[in-house]
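Undergrad: Got a structure for you, written out below as structure tokens; questions coming shortly.
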Amino acid sequence: MVNGGVDLLTPSEYPPLEIGSGTNTLKAKPQQVILNIPFQTQINDYYCGPASASMIVRSLGYNKSQHQMAALLGTTTNGTNAGNGVANALNAVVAGSRYRFNWEWHTYTQISKMKNHITEALSWGNPVIVNTMESPGDVYLQGHNIGTALYHFGVIGDYFDNGNSVTYVDPGYGRYGGFVMNQRVTIRNMSYATGGRGYAW
């Protein structure tokens, strides 16, 4: 199953996340932010979500394995549900710290909104977990063109040029041929690849 491990079949059992206005807002965002993301290859075909979540919390100083994150995410052999449950799982690990994650459902044309969320989150030190939906005739990230729809989780760990490009960290690298560990992606292509899915920032 080279479908990244995104569960599209099971309804989410997680309640909506109660949030305020988002993460803490900085007065001025840097032109670029580069975070240290400790890379992990997903350990099976349906653990792209747990691998991405584990990379994120480890980058923040919390030593959680892919299996531990899978338990928090509610991951099954069908994969991981996108939605508030992703942010809830990350928040369960970082509770009591300065970090806070919010889930955002995304449409293709919300490029500026995604850019603002990514630059705000990364400027604060939060990596962003993204759930992409890539298909023929649309945008595929590098190595993802498998000839059919690909649903996948990954991490945005850096941004450059005021958020006009980002680094996408791919847990599929090392498991699937052609996948790239770290790839630079324009914010437009990242927005298109995420259209119809979402991200926790």
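For what it's worth, my numbering labels the leading residue of the sequence shown as 1, then goes sequentially. The beta carbon of each residue, even a glycine, is placed where N, CA and C say it ideally should be.
What is the DSSP secondary structure of Asp138, reduced to helix, strand or coil?
TA: The answer is coil: DSSP assigns Asp138 none of H, G, I, E or B.
Undergrad: Quick one: measure Cβ to Cβ for Phe160 and Val130, integer angstroms, because I've assumed they're closer than 8 Å.
TA: Actually they do not touch by this definition, with Cβ atoms about 17 Å apart.
Undergrad: Straight-line CA distance for Thr186 to Ile156?
TA: C-alpha separation (whole angstroms): 12 Å.
Undergrad: Report, in whole angstroms, the separation of the C-beta atoms of Thr132 and Ala193, which I expect to be a contact under 8 Å.
TA: That belief holds up - the Cβ atoms of Thr132 and Ala193 are roughly 4 Å apart, short of 8 Å.
Undergrad: Is it right to say Asp170 is buried, meaning 16 or more other beta carbons lie within 10 angstroms of its own, or is it exposed?
TA: So Asp170 ends up on the buried side.
Undergrad: Comparing alpha-carbon positions, which option in Pro38, Ala28, Ile118 and Thr76 lies nearest Leu60?
TA: Closest by alpha carbon: Pro38.
Undergrad: When the Cα of Thr148 is compared with those of Leu141, Asp158, Val57 and Glu134, which residue comes out closest?
TA: Residue Glu134 is the option with its Cα nearest to Thr148.
Undergrad: For the beta strand (DSSP E) containing Ile156, name the first residue and the last one.
TA: Counting along the chain, the beta strand (DSSP E) containing Ile156 begins and ends at Leu150 to Phe160.
Undergrad: Count the other C-beta atoms from every protein chain shown that fall within 10 angstroms of the C-beta of Thr77, then say buried if there are 16 or more, exposed otherwise.
TA: Thr77 comes out exposed.
Undergrad: How should Gly85 be labelled, buried or exposed, when 16 other C-beta atoms within 10 angstroms of its C-beta is the threshold for buried?
TA: Burial call: buried.
Undergrad: Rounded to the nearest angstrom, what separates Tyr173 and Gly49 at their Cα positions?
TA: Roughly 14 Å separates the two Cα atoms.
Undergrad: Val94 and Val33 look like a contact to me (Cβ under 8 Å); what is the Cβ gap, rounded to whole Å?
TA: With 8 Å as the limit, Val94 and Val33 do not qualify as a contact, their Cβ atoms being about 18 Å apart.
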